[in-house]
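Visitor: The structure's right below; bear with me while I get my questions together.
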Amino acid sequence: MSQSFELPGSYKKWTMGLIGVGVIALLYGFIVYHPFTHAGHGGENASSTRFWAVLLQNCVFWLLVVNASMFFIGVTTLAMGGWQVALRRVPEAISSVVPVLGAIAFLILMSIVWGGRDDIYHWVNKEVVANDKILLGKSGFLNPVFFSIFSAITIFLWWILGKKMRSLSLESDNAGHMDYEEGDRWIKKNIIYASLFIVVFGLTVGSTIPWLWLMSIDAHWYSTMYSWYTFASSFVSGMSLIALFIVFLKNRGQLEYVTEEHIHDIGKFMFAFSVFWTYLWFSQYMLIWYANMPEETGYFKIRVFGPYRGIFFLNLILNFVCPLLILMKKASKRNYTLLTFMAVLIIFGHWIDFWQMVMPGTMKDKAELLPFEFGIAALFIGIIMWRAGAFLSKHSLTPKNHPFLKESMIHHT
Amino acid sequence: MAGGIKKFVVGCFDDEAVLFPAVKKVRRAGYKIHDVYTPFPVHGLDHAMGLRETSLHTAGFIYGITGTTTALTCMSWIFTKDWPLNIGGKPHFALPAWIPITFELTVLFAAVGMVLTFCYLCQLSPFVKKHHFHLRATDDLFVMVIECTDKTNDAEVQAFLQDAGAKEINIQHAETGWWLGRYDREQKLYRDTELGY
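Just so you know, the sequences run in chain order A and B.
If you're matching positions, the first sequence starts at 614 in my numbering and goes up one per residue.
If you're matching positions, the second sequence starts at 628 in my numbering and goes up one per residue.
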C-alpha cells in the first residue's frame, strides 16, 4: 500500500511561482487599475471594471471547477461505481480546495455587490432598478441581500457536505478492514451525504448559482440553458484537472492501482462532456438565432458580430473540434502525453469560455486578454496546486479499506 | 461456397474459470481456435483468445463523416442552388438550422453502416443458415471450437481438451464461409508478445 507521498521540489516551486506571479498581477491591478474608483457610466474608467471582471471570471470559474470534483465523487458514489476508488483521493484532494476558493469568491462577490459595482452587475444600482421595468420585475431575486445570503449558504453547503464526504473517506483509512456489515453501513452513510450534496449541487450549480453570479451580468437577458451550459463547462474542466493530477502522480510512481483502464474512463468523461457542452452551447445559440427576438439576440450580437467574434469561434474549436477529433480514439485516451495536452487545452478553452461570458457584459468592446488576465488565473491555479498538494502529501493516496477497492483494481473497460 | 467443409473439434465447458486457462493452454499448444461461443459477453476473453482490436469503429467513423458530408452538401445545394426559399427571412445558407439534420444523418449513417458491417463481419444475413456447434452455447455452455488442418491429430486434440477440463467433446464438419468471403481471424497478434504466450 502506498503511504503518503512527498511532493517533489519542482511541484512546490511551480506552486510558489504561480502564486507569486498571481500576487504580482493582483498588486499591479490594485495600483494601476484603481479598483476602488467608480467606473463611470460612459466607460471612461474601464480598467477599474476590468479588475473586478477578471477577478469575477476567475474566482467563479476555478471555484466551479474544483467543486466539480466533489460532484464526480457524489455521482459515482450514488451510482455505486467501484471503478473510481483507486483514484478517488485525487478528486478528494481537488475538492479540498473548495473552502479556500469559496471564501475568496465570496469576498470578491461581496466586494462587487456591496461596493456598488454597477458596471459589473447593473442591478446593484437602486436608481437604475427603479427606472427599469425588467430589473424591477426581477428585483425579488436580483438584489444584494438575497444575492449575499444565497451565495453564503451555497458556498457553506458545498464546503460542509464536501468536508463530510472527505472525512468519511479518510476515517476509513484508520478504521481497519471492514467486514460485509460494516462496509454496507459505511457505503450507506456515504450515499446519504452524496445524495445531499447532489441535491444541493443541482439546486445551485445546476440552476441558481450561474444565474446569480454570471447571467445577472446581462440582467435583461436570460437563457434557460445557461446553468447547464456553465455546469458542463466546469465539469469537463474538472475532469481534465483530475486527469492532470492522475498523470502527475502516475509519473511519480504513485497510485499503483490506477491503470490505463481508469485513465481511459477519465478520458471518456473529457470526451463525452466536451460533446455535451457543445450540445448545450448549440441549443442555446440556435434557438435564439432562429427566433431572432431583439431582447434575446443582444447577448449574441456583441459576441458574434462584435469584437468577440474571434474568441467566440476559437471557443468552439478548442472545446468541441479538438476534443472530438483528438480524444475519439481509444489509444489517445490511454496516452499520457496526449491526455495531458488535451486536459490543458480543455481547461484553457473553458477558461476562455468564461472570459467571453463575463467580458462583453462588463467591458463592452474594451476587453483585454493580456498578462494581467493570465496572472490572475495563475494565482488561482497556484492556490489549487497548493491546497490539493497539501491534501495529497498528508493522506494515503489509496483508500485502502474502501469496500469497492478490489472492484477498482480489476477494473477493465 | 468459399470456405468449403472443414473439420472441427468442439469442446464444451461449463465454467468461465475453467475456460480461461483452457483457452490459454490451447493457444500455447499451437492449435488454431476457430471461435469460442459463450452465452454472454465474457470480459477479457478477446484478449485471452488474442483477437485483434476490431476495426468496426474505424468503419463507423467513416460512415459518420459520410453522413455529415451528405447532409451538408445536399442541404446547401438544395437551399442555395436548386430551390432557394425565403424561410423566416433567414439567409439561404442557414448553417445553424442544418446542424440538427446533419447530426441526425451522421448518426443514421454511422448506426446503419455499423450494423450492416457487423453482420458482414459475423457472416450474418437473412436466408444464410449458420452451423451451430452446440445449441446450449446460447444458454449455459461455453463452446470452444478448434479448427483441424491436414496435420492435426484430432484424437490428440480431444485428449488435450479433456485435460483442459472440457465436459463434452465431439468432432463436427461444417461450412466456414459464404458467398461474400470469410472474415479471417488473425491468430498471430500483438497481445501475444505482450503476454508472453
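Glycine included, each C-beta is placed from N, C-alpha and C at the ideal position.
For the beta strand (DSSP E) containing D766/B, list its first residue and its last residue.
Guide: Translated into the one-based positions of the second sequence, residue 766/B becomes position 139. Counting along the chain, D766/B falls outside any beta strand (DSSP E), and DSSP gives it neither H nor E.
Visitor: Is any beta-carbon of chain B found at less than 9 Å from that of M838/A?
Guide: Stepping through the first sequence from its first residue, residue 838/A is reached at position 225. By this cut-off, M838/A is not an interface position.
Visitor: Report yes or no: is there a C-beta of chain B within less than 9 Å of the C-beta of N905/A?
Guide: Walking along the first sequence from the start, residue 905/A turns up at place 292. Output row for N905/A: interface = yes.
Visitor: Going by DSSP, which residues form a beta bridge with H800/B?
Guide: As a position in the second sequence, residue 800/B is number 173, starting the count at 1. BP columns for H800/B point to K634/B.
Visitor: Could you give the distance in angstroms between the alpha-carbon of T729/B and the alpha-carbon of L958/A?
Guide: Walking along the second sequence from the start, residue 729/B turns up at place 102. Walking along the first sequence from the start, residue 958/A turns up at place 345. The straight-line gap from Cα to Cα measures roughly 27 Å.
Visitor: Mind checking whether F635/B and E774/B have CB atoms under 9 Å apart?
Guide: As a working note, residue 635/B is residue 8 in the second sequence. As a working note, residue 774/B is residue 147 in the second sequence. In contact: F635/B and E774/B (Cβ atoms closer than 9 Å).
Visitor: Show which residues of chain D have a CB atom less than 8 Å away from the CB atom of F1017/A.
Guide: Reference to chain D is not applicable here, since the protein chains of this structure are A and B.
Visitor: Given 8 Å as the limit, is there contact between the segment 660-670 of chain A and the segment 956-972 of chain A, that is, 3 or more CB pairs closer than that?
Guide: The segment 660-670 of chain A vs the segment 956-972 of chain A: in contact.
Visitor: Look up L755/A in the DSSP assignment and say whether it is helix, strand or coil.
Guide: Counting from 1 along the first sequence, the entry for residue 755/A is found at position 142. DSSP places L755/A in coil when its eight states are reduced to three.
Visitor: Could you work out which residues of chain A lie near A724/B, taking near to mean beta carbons separated by less than 9 Å?
Guide: What you label residue 724/B is simply residue 97 of the second sequence in a count that begins at 1. What A724/B touches in chain A: M899, W902, Y903.
Visitor: Looking at V650/B and M676/B, is the spacing between their C-beta atoms short of 9 Å?
Guide: Translated into positions along the second sequence, residue 676/B becomes position 49. Translated into positions along the second sequence, residue 650/B becomes position 23. Yes, these two residues count as a Cβ contact at 9 Å.
Visitor: Got a sec: is the Cβ-Cβ distance from G671/B to anything in chain A below 9 Å?
Guide: Residue mapping note: residue 671/B aligns to position 44 of the second sequence, counting from 1. It does: the Cβ of G671/B has a partner Cβ on chain A nearer than 9 Å.
Visitor: Please work out which residues of its chain come closer than 7 Å, Cβ to Cβ, to G962/A, disregarding the five sequence neighbours upstream and downstream, and give them in chain order.
Guide: Position 349 of the first sequence, counted from the start, is the residue given in the question as residue 962/A. Cβ neighbours of G962/A beyond the five flanking positions: N928, L931, N932.
Visitor: Nearest chain A C-beta to K651/B closer than 9 Å, yes or no?
Guide: By 1-based counting over the second sequence, the position of residue 651/B is 24. Not an interface residue.
Visitor: Using three-state DSSP, classify H758/B as helix, strand or coil.
Guide: Walking along the second sequence from the start, residue 758/B turns up at place 131. Of the three classes helix, strand and coil, the one that applies to H758/B here is coil, per DSSP.
Visitor: What's the C-alpha gap between T650/A and I733/A?
Guide: Here the question's residue 650/A lines up with position 37 in the first sequence. Here the question's residue 733/A lines up with position 120 in the first sequence. Distance between the alpha carbons of T650/A and I733/A: 13 Å.
Visitor: How about W834/A and F754/A: are their beta carbons less than 9 Å apart?
Guide: Stepping through the first sequence from its first residue, residue 834/A is reached at position 221. Stepping through the first sequence from its first residue, residue 754/A is reached at position 141. Their beta carbons are not under 9 Å apart, which means W834/A does not touch F754/A by this criterion.
Visitor: Is the shortest distance between the beta-carbon of K914/A and the beta-carbons of chain B less than 9 Å?
Guide: Numbered from its first residue, the first sequence carries residue 914/A at position 301. No, K914/A lies away from the interface with chain B (no Cβ there is under 9 Å from its Cβ).
Visitor: Quick one: grab the DSSP three-state call for D662/B.
Guide: Sequence index remark: in the second sequence, residue 662/B carries index 35 (1-based). In this structure, D662/B counts as strand in the three-state DSSP scheme.
Visitor: In the DSSP assignment, find the alpha helix (DSSP H) that holds T662/A and state where it starts and stops.
Guide: Reading the first sequence from its first residue, position 49 is the one you call residue 662/A. Looking at the DSSP string, the run of the alpha helix (DSSP H) that includes T662/A is 659-691.
Visitor: Along chain B, which residues have their Cβ under 7 Å away from the Cβ of F895/A?
Guide: As a working mapping, residue 895/A is identified with position 282 in the first sequence. Correct list: I726.
Visitor: Could you please give the first and the last residue of the uninterrupted alpha helix (DSSP H) stretch that includes M970/A?
Guide: Residue mapping note: residue 970/A aligns to position 357 of the first sequence, counting from 1. Where M970/A is concerned, the enclosing alpha helix (DSSP H) stretches over 949-976.
Visitor: With R702/A as the anchor, note down where its alpha helix (DSSP H) starts and where it stops.
Guide: Numbered from 1 along the first sequence, position 89 holds the residue referred to as residue 702/A. Looking at the DSSP string, the run of the alpha helix (DSSP H) that includes R702/A is 702-708.
Visitor: Considering only their Cβ atoms, is the gap separating M828/A from L900/A smaller than 9 Å?
Guide: Walking along the first sequence from the start, residue 900/A turns up at place 287. Walking along the first sequence from the start, residue 828/A turns up at place 215. Not a contact, by the Cβ cut-off of 9 Å.
Visitor: Listed from N- to C-terminal order along the chain, which residues in the segment 862-889 of chain A have their beta-carbon within a distance smaller than 9 Å of any beta-carbon of chain B?
Guide: Here the close residues number zero.
Visitor: Name the DSSP bridge partner or partners of I773/B?
Guide: In the second sequence, the residue the question calls residue 773/B occupies position 146. BP columns for I773/B point to V636/B, I660/B.
Visitor: In the DSSP assignment, what residue or residues form a beta bridge with E795/B?
Guide: Along the second sequence, read from residue 1 onward, the residue named residue 795/B stands at position 168. Its beta-bridge partners are C639/B.
Visitor: Using three-state DSSP, classify G919/A as helix, strand or coil.
Guide: Locating residue 919/A in the first sequence gives position 306, counting from the first residue. Three-state result, G919/A: coil.
Visitor: Looking only at its chain, what residues have a beta carbon closer than 7 Å to the beta carbon of F886/A, apart from the 5 residues adjacent to it on each side?
Guide: Taking the first residue of the first sequence as 1, we reach residue 886/A at position 273. Counting only Cβ-Cβ distances below 7 Å, and skipping sequence neighbours, we find A845, F848, V849, M852.
Visitor: Using the Cα positions of G819/A and F884/A, report the straight-line distance between them to the nearest angstrom.
Guide: Residue 819/A sits at position 206 when you count from the first residue of the first sequence. Residue 884/A sits at position 271 when you count from the first residue of the first sequence. So the two alpha carbons sit approximately 20 Å from each other.
Visitor: Indicate whether L639/A and G919/A have their beta-carbon atoms separated by less than 9 Å.
Guide: The residue you call residue 639/A lines up with position 26 of the first sequence. The residue you call residue 919/A lines up with position 306 of the first sequence. No, the pair does not count as a contact, with Cβ atoms beyond the cut-off.
Visitor: Is L809/A helix, strand or coil when you go by DSSP?
Guide: Within the first sequence, the letter at position 196 stands for residue 809/A. Three-state result, L809/A: helix.
Visitor: Residue range of the alpha helix (DSSP H) that I721/A falls in?
Guide: In the first sequence, residue 721/A corresponds to position 108, counting from 1. Start and end: 711-727.
Visitor: What did DSSP end up calling H877/A once you bin it into helix, strand or coil?
Guide: The count along the first sequence starts at 1 and reaches residue 877/A at position 264. Helix at H877/A.
Visitor: Assess, as a yes-or-no matter, whether the segment 636-643 of chain B is touched by the segment 723-738 of chain B under the definition of 3 or more beta carbon pairs within less than 8 Å.
Guide: The segment 723-738 of chain B is not in contact with the segment 636-643 of chain B.
Visitor: Determine the DSSP secondary structure at K801/A, reduced to helix, strand or coil.
Guide: Along the first sequence, read from residue 1 onward, the residue named residue 801/A stands at position 188. Reduced to three states, the DSSP call for K801/A is helix.
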